[in-house]
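**Student:**
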Amino acid sequence: MDDTASHTGHAAPAPHAGPVPPAKPAAPAKPAAPAKPAAPAKPAPLTRPDGSPVRVLVVDDEPDLAEVLAGVLRYEGWQVRTAGDVATALARAADFLPDAVVLDIMLPDGNGLAALRDLRAARQDLCVLFLTARDSVEDRIAGLTAGGDDYVTKPFSLEEVLARLRGLLRRAGMTRARNDAALLEVGDLTLDEDAREVTRGGDAIDLSPTEFELLRYLMRNPRRVLSKPQILDHVWSYDFGGEAHVVELYISYLRRKVDAGREPMIHTVRGAGYVLKAAPR
Numbered sequence: 001m002d003d004t005a006s007h008t009g010h011a012a013p014a015p016h017a018g019p020v021p022p023a024k025p026a027a028p029a030k031p032a033a034p035a036k037p038a039a040p041a042k043p044a045p046l047t048r049p050d051g052s053p054v055r056v057l058v059v060d061d062e063p064d065l066a067e068v069l070a071g072v073l074r075y076e077g078w079q080v081r082t083a084g085d086v087a088t089a090l091a092r093a094a095d096f097l098p099d100a101v102v103l104d105i106m107l108p109d110g111n112g113l114a115a116l117r118d119l120r121a122a123r124q125d126l127c128v129l130f131l132t133a134r135d136s137v138e139d140r141i142a143g144l145t146a147g148g149d150d151y152v153t154k155p156f157s158l159e160e161v162l163a164r165l166r167g168l169l170r171r172a173g174m175t176r177a178r179n180d181a182a183l184l185e186v187g188d189l190t191l192d193e194d195a196r197e198v199t200r201g202g203d204a205i206d207l208s209p210t211e212f213e214l215l216r217y218l219m220r221n222p223r224r225v226l227s228k229p230q231i232l233d234h235v236w237s238y239d240f241g242g243e244a245h246v247v248e249l250y251i252s253y254l255r256r257k258v259d260a261g262r263e264p265m266i267h268t269v270r271g272a273g274y275v276l277k278a279a280p281r
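Number 259 in the numbering used here belongs to position 259 of the sequence shown; there are no gaps in the numbering.
Structure below.
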């Protein structure tokens, strides 16, 4: 034991440690990096009303150009086929059943204007965008008069071609995927699957449950001829046997409500069935 502590009865004082140095000031906080502006959201891709991808046929005798354009359209979520001449284009169209065609006028085995007549004969409501080096006013008029819906001259912007195709497809009755999944639109006719509401040109149309289901099936398949057996199977979910006339009856009900006083949208294809398509403007 320490002698000092034994004589005083107290522990020896701790040695003097000197003044305590002041604490270092904290480093100033770094300013937060400015937030980067959010990139604009990519528009939801257009689809057929049943949700399947839009189909586009690109017809051009320049393979590299056709493939570049096809790649842009595929990135949009669409299905694309290409052709380099009239004969191949007509064969692909018959097999692929495109919703839109990007068509060059000058092709190795013929003229795109003549090809358009054959394409239209197979499908009247096909969207057609001419894409050509012919840029005179007379050429534009000839293309549009022949039945083309729009006309873009080379050289062109890929963004412009895509924007014009989107516009043509919307006018033809294609709907946006995901965002409008419950909303079917063909021309000025709209059907809200969730709210079970139907309007044409903004005017409400009251439908019975069966009429609603029939119209929904037609609108999910615009510009497609549907046979009576197909309609019976999808709308009534069982076979009516010899009572296919029930389809005729309900089609007549729909026409009275949807087409009354307006350009008709529901058409009979003799010997084949029925088709719904946007009324001409």
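Even for Gly, the Cβ is constructed at its ideal location relative to N, Cα and C.
(1) Let me know the secondary structure DSSP gives Pro222 once reduced to three states.
(2) Can you tell me whether Ile105 is helix, strand or coil according to DSSP?
(3) Are Asp104 and Asp149 close, meaning C-beta to C-beta below 8 Å?
(4) Alpha carbon to alpha carbon, what distance is there between Arg281 and Leu232?
(5) Quick one: grab the DSSP three-state call for Gly148.
(6) Only counting the same chain, and skipping five residues up and downstream in sequence, which positions put a Cβ closer than 7 Å to that of Tyr250?
(7) Do you know whose CA, among Gly110, Ile141, Ser157, Ala172, lies nearest Lys277's CA?
(8) Which partner residues does Asp203 have in the DSSP bridge list?
(9) Could you give the C-beta distance for Leu46 and Arg170, rounded to a whole number, given that I count them as a contact under 8 Å?
(10) Is Val72 near Val101, with beta carbons less than 8 Å apart?
(11) How is Phe156 classed by DSSP in three states: helix, strand or coil?
(12) Our contact map puts Leu184 next to Glu193 with C-beta atoms below 8 Å; I'd like the distance itself, whole angstroms only.
(13) Assign Ala115 to one of two classes, buried (16 or more other C-beta atoms within 10 Å of its C-beta) or exposed (fewer than that).
(14) Taking only three categories from DSSP, how would you classify Arg81?
(15) Can you tell which of Pro63, Ser252, Trp78, Arg74 has its C-alpha closest to the C-alpha of Asp85?
(16) Going by the DSSP bridge assignment, what does Glu263 pair with across the sheet?
(17) Would you tell me roughly how many angstroms separate the C-alpha atoms of Pro49 and Val186, rounded to the nearest one?
(18) Over the uninterrupted beta strand (DSSP E) stretch that includes Asp192, give me the two end residues.
(19) Does Arg220 pass the burial test, meaning 16 or more other C-beta atoms within 10 Å, or should it be called exposed?
(20) In terms of alpha-carbon separation, which member of Val258, Phe156, Tyr151 lies closest to Ser208?
(21) Any idea if Tyr75 is buried or exposed, counting beta-carbon neighbours within 10 angstroms, 16 or more meaning buried?
(22) Reducing DSSP to helix, strand and coil, say where Pro280 ends up.
(23) Taking 6 Å as the limit between beta carbons, can you name the residues of its chain near Glu263, skipping five residues before and five after?
(24) Identify whether Arg55 lies in helix, strand or coil by the three-state DSSP scheme.
(25) Using 8 Å as the threshold, is the C-beta distance between Pro328 and Leu57 below it?
(26) Tell me Glu185's beta-bridge partners as DSSP assigns them.
**Tutor:** A quick look at the data gives this:
(1) coil
(2) coil
(3) no
(4) 31 Å
(5) coil
(6) Thr210, Glu211, Leu214
(7) Ala172
(8) Arg200
(9) 7 Å
(10) no
(11) coil
(12) 7 Å
(13) buried
(14) strand
(15) Pro63
(16) Partner(s): none; Glu263 has no beta bridge.
(17) 9 Å
(18) 189 to 192
(19) buried
(20) Val258
(21) exposed
(22) coil
(23) Ala279
(24) strand
(25) A query on residue 328 cannot be resolved here, the shown segment of the chain reaching from 1 to 281 and no further.
(26) Thr190
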